[in-house]
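Heads up: the protein sequence lines correspond to chains X and B, in order. The first sequence begins at 5 in the working numbering and counts up one residue at a time. The second sequence begins at 78 in the working numbering and counts up one residue at a time. Ideal Cβ placement from N, Cα and C applies to all residues, glycine included.
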Amino acid sequence: GALVYQYPRRTICKSGTSMRMECQAVGFQATSVAWYRQSPQKTFELIALSTVNSAIKYEQNFTQEKFPISHPNLSFSSMTVLNAYLEDRGLYLCGATGQANTEVFFGKGTRLTVV
Amino acid sequence: GQQVQQSPTSLVLQEGENAELQCNFSTSLNSMQWFYQRPGGSLISVFYNPSGTKQSGRLTSTTVIKERRSSLHISSSQITDSGTYLCAPGGRGSALGRLHFGAGTQLIVIP
């Protein structure tokens, strides 16, 4: 079946430092990968959407300079949170879509705590 | 932009009762997913239902895209059904993989 793995599951970093999280689609060929953040208040924000053969598109309030994403192939994506601060806390979710339809498969997320 | 409204915001049921969760969205899109999330937990896809009615066990989802609404029915609720249910209409083409999440319905099932 279609699975999405994310690691690490949780991480703690000091304010001002950076951390990298990874996402891997297994069992299907991902045609698009989206990174979301769920804030401590439980709201979801789309950070960026990466579609095969297209450039990575960042949403308003999120930039490549702050959240650089590497998407070397259809199965693997990584995102770094640079200079993390308290407002960057939350659960970072990676969702991938295959060719068959528009169903999105999510990983279990990376929970970022900034101290 | 896309607005997604879920109702009710929260719901408390006694075990065995049924629940009806509603989702309305402002712009007609091409897909609909329902997710379940435990407190602090990951998203579990409950239904991918772009149109029509689908059933899985005690859960039934009905989506009418042209009316911009979807519902999730839980019959004979169990304590383990407690958690947050999120609806997320999605896009196609250049917006493939982009979901617009509602604020969720928090379901609490008590003995």
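(message) For a test of the three-state rule: what should DSSP assign to B/I187, helix, strand or coil?
(response) Taking the second sequence and counting its residues from 1, the one referred to as residue 187 of chain B is at position 110. Of the three classes helix, strand and coil, the one that applies to B/I187 here is strand, per DSSP.
(message) I'd like to know whether the C-beta of X/L90 is nearer than 8 Å to at least one C-beta of chain B.
(response) Locating residue 90 of chain X in the first sequence gives position 86, counting from the first residue. Closer than 8 Å: no.
(request) Report the three-state DSSP secondary structure of B/T157 (helix, strand or coil). (result) The residue you call residue 157 of chain B lines up with position 80 of the second sequence. Here B/T157 sits in helix by DSSP.
(request) Can you tell me which of X/G31, X/W39, X/C17 and X/K70 puts its alpha carbon nearest to the alpha carbon of B/G174? (result) Translated into positions along the second sequence, residue 174 of chain B becomes position 97. Ranked by Cα distance from B/G174, the first of X/G31, X/W39, X/C17 and X/K70 is X/W39.
(request) For X/E26, name the three-state secondary structure that DSSP assigns. (result) By 1-based counting over the first sequence, the position of residue 26 of chain X is 22. In the structure shown, X/E26 sits in a strand (DSSP, three-state: E or B).
(message) Here's a check: name, in chain order, each residue in its chain whose Cβ is nearer than 7 Å to the Cβ of X/G111, leaving out the five neighbours to either side.
(response) Here the question's residue 111 of chain X lines up with position 107 in the first sequence. Excluding residues within five positions, the ones whose Cβ falls inside 7 Å are V8, Y9, Q10, C27, L97 and C98.
(request) Can you say whether B/G117 is buried or exposed, counting buried as having 16 or more other CB atoms within 10 angstroms of its CB? (result) Your numbering for residue 117 of chain B matches position 40 in the second sequence. Classification of B/G117: exposed, given that the 10 Å Cβ count is below 16.
(request) Could you have a look at B/E144 and say whether DSSP puts it in helix, strand or coil? (result) Mapped onto the second sequence, residue 144 of chain B falls at position 67. Residue state, collapsed to three classes: helix.
(request) Inspect the beta-carbon positions of B/P166 and B/S84 and report whether they are closer than 8 Å. (result) By one-based count along the second sequence, residue 166 of chain B stands at place 89. By one-based count along the second sequence, residue 84 of chain B stands at place 7. The Cβ-Cβ distance between B/P166 and B/S84 does not fall below 8 Å.
(message) Let me check understanding here. Comparing Cα to Cα, which of X/R13, X/R24, X/A6 and X/P12 lies closest to X/S88?
(response) On the first sequence, residue 88 of chain X is found 84 positions in, with the first residue counted as 1. Strictly speaking, residue 88 of chain X in this sequence is Ala, with Ser absent from that position. X/A88 has its Cα closest to that of X/R24, out of X/R13, X/R24, X/A6 and X/P12.
(request) Could you pull out every residue in the same chain whose Cβ sits closer than 7 Å to the Cβ of B/V186, ignoring the five residues on either side in sequence? (result) Position 109 of the second sequence, counted from the first residue, corresponds to residue 186 of chain B. L90, E92, S154, Q155, I156, D158 and S159, listed in sequence order.
(request) Consult DSSP for B/L176 and reduce its assignment to one of helix, strand or coil. (result) The sequence position of residue 176 of chain B within the second sequence is 99, counting from 1. DSSP places B/L176 in strand when its eight states are reduced to three.
(request) Could you list the residues in the segment 107-123 of chain B with a C-beta less than 9 Å from some C-beta on chain X, going in chain order? (result) Interface annotation for the segment 107-123 of chain B against chain X: N107, S108, Q110, F112, Q114, G117, G118, S119, L120, I121 and S122, criterion Cβ-Cβ distance under 9 Å.
(request) Grab me the residues of B/S87's own chain with a C-beta within less than 8 Å of its C-beta, minus the 5 sequence neighbours each way, in chain order. (result) Position 10 of the second sequence, counted from the first residue, corresponds to residue 87 of chain B. Same-chain partners within the cutoff: T182, Q183, L184 and I185.
(message) When you compare the CB of B/F102 with every CB in chain X, is at least one pair closer than 8 Å?
(response) Counted from its first residue, the second sequence places residue 102 of chain B at position 25. For B/F102, the nearest beta carbon of chain X is not closer than 8 Å to its own beta carbon.
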